[in-house]
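Residue numbers (the numbering used here): 5 to 260.
Ideal Cβ positions, reconstructed from N, Cα and C, are used throughout, including at glycine.
Input: a single structure, listed below in structure tokens.
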């Protein structure tokens, strides 16, 4: 069994000496609970199908398009006069697609990942949706806050509660372990700030998820975690976040 380790880095910036320091905290992260999409009543299953072919965006004048393509060809010929391998003079064509999750929040905080079995996991703000990439059918969707909870209360105390603000989701598909990984944040104050991490149990995102949590304020004080970024390298999941001061946002509260 391959063990996936989670590394959480906090980058300190010392403006006086312009030096960067990285602190690495190593330790085991226990499984908090498991989640299966069929365990909640709010899940929507295959409720609509979206056409794969989308119309060309409006507002593009045909003469402008022709001029741009001609100019692109001229510049490319001048830049690569002796190169037999050139980029196409024509813009790429959309041969298929579908409309994913929609949200009017600002920013959208949208992210997506796809596996080799044509399953798409789409996340934005507080929502997660699972689509079939071949048909555009929404298979299931639910709120991110359901992932760490035990909706049927079959294992009292096993969930991560309470969750009242879930946001900033990121998702990636790990081709080595053949799993989806979703990371998002919960809470926006030093008394309630957590990093929620979910690994799909199999390569199919509808087969259930294993849920973990990290403390969003590991050093203490009046700080909370914002804006996660994630990366994988075949062995590890890396999570980076910003620490902000209480009662402030990313514009004037950034600390680490």
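Does the Cβ of residue i have 16 or more other Cβ atoms within 10 Å, making it buried, or fewer, making it exposed?
i	result
residue 251	exposed
residue 247	buried
residue 35	exposed
residue 178	buried
residue 79	exposed
residue 300	The structure shown does not extend to residue 300, since the chain is modelled only from 5 through 260, so no value can be given for it.
residue 60	Residue confidence is low: residue 60 scores 46 on pLDDT, short of 50, so the model does not pin down where it sits. No coordinate-derived value is stated.
residue 213	buried
residue 30	exposed
residue 68	exposed
residue 52	Confidence at residue 52 is low in this model, with a pLDDT of 39, below 50, so the placement of that residue is unreliable and no value is reported for it.
Between the options, which lies nearest to residue i when the distance is taken from Cα to Cα?
i	options	result
residue 128	205, 171, 200, 234	171
residue 149	113, 181, 188	188
residue 231	120, 173, 118	173
residue 39	163, 66, 78	163
residue 32	259, 260, 235, 216	216
residue 235	184, 254, 224	184
residue 120	186, 207, 66	207
residue 233	118, 114, 69	114
residue 101	140, 245, 255	140
Would you mind stating whether residue i and residue j have Cβ atoms separated by less than 8 Å?
i	j	result
residue 228	residue 193	yes
residue 257	residue 220	no
residue 82	residue 152	no
residue 143	residue 218	no
residue 175	residue 116	yes
residue 186	residue 118	no
residue 226	residue 249	yes
For the ligand GDP, any of its heavy atoms closer than 7 Å to the Cβ of residue i?
i	result
residue 250	The model on display carries no ligand, and the ligand GDP is accordingly not part of it.
(message) Count Cβ pairs between the stretch 231 to 245 and the stretch 191 to 204 that sit closer than 8 Å; are there 3 or more?
(response) The stretch 231 to 245 vs the stretch 191 to 204: in contact.
(message) Across the stretch 134 to 141 and the stretch 115 to 126, are there enough close Cβ pairs to call them in contact, namely three or more that are closer than 8 Å?
(response) Yes: at least three Cβ pairs fall under 8 Å.
(message) Please give the ranges of any beta strand (DSSP E) in the stretch 112 to 186, keeping only runs that are unbroken, at least 3 residues long and fully inside the region.
(response) Within the stretch 112 to 186, the complete beta strand (DSSP E) segments at least 3 residues long are 114 to 118, 123 to 128, 131 to 136, 142 to 147, 170 to 178, listed from N- to C-terminus.
(request) Could I get the ranges of all uninterrupted beta strand (DSSP E) runs contained in the stretch 183 to 223, with 3 residues as the minimum, in chain order? (result) Fully contained in the stretch 183 to 223 are the following beta strand (DSSP E) runs of length 3 or more, in chain order: 183 to 193, 196 to 204, 213 to 219.
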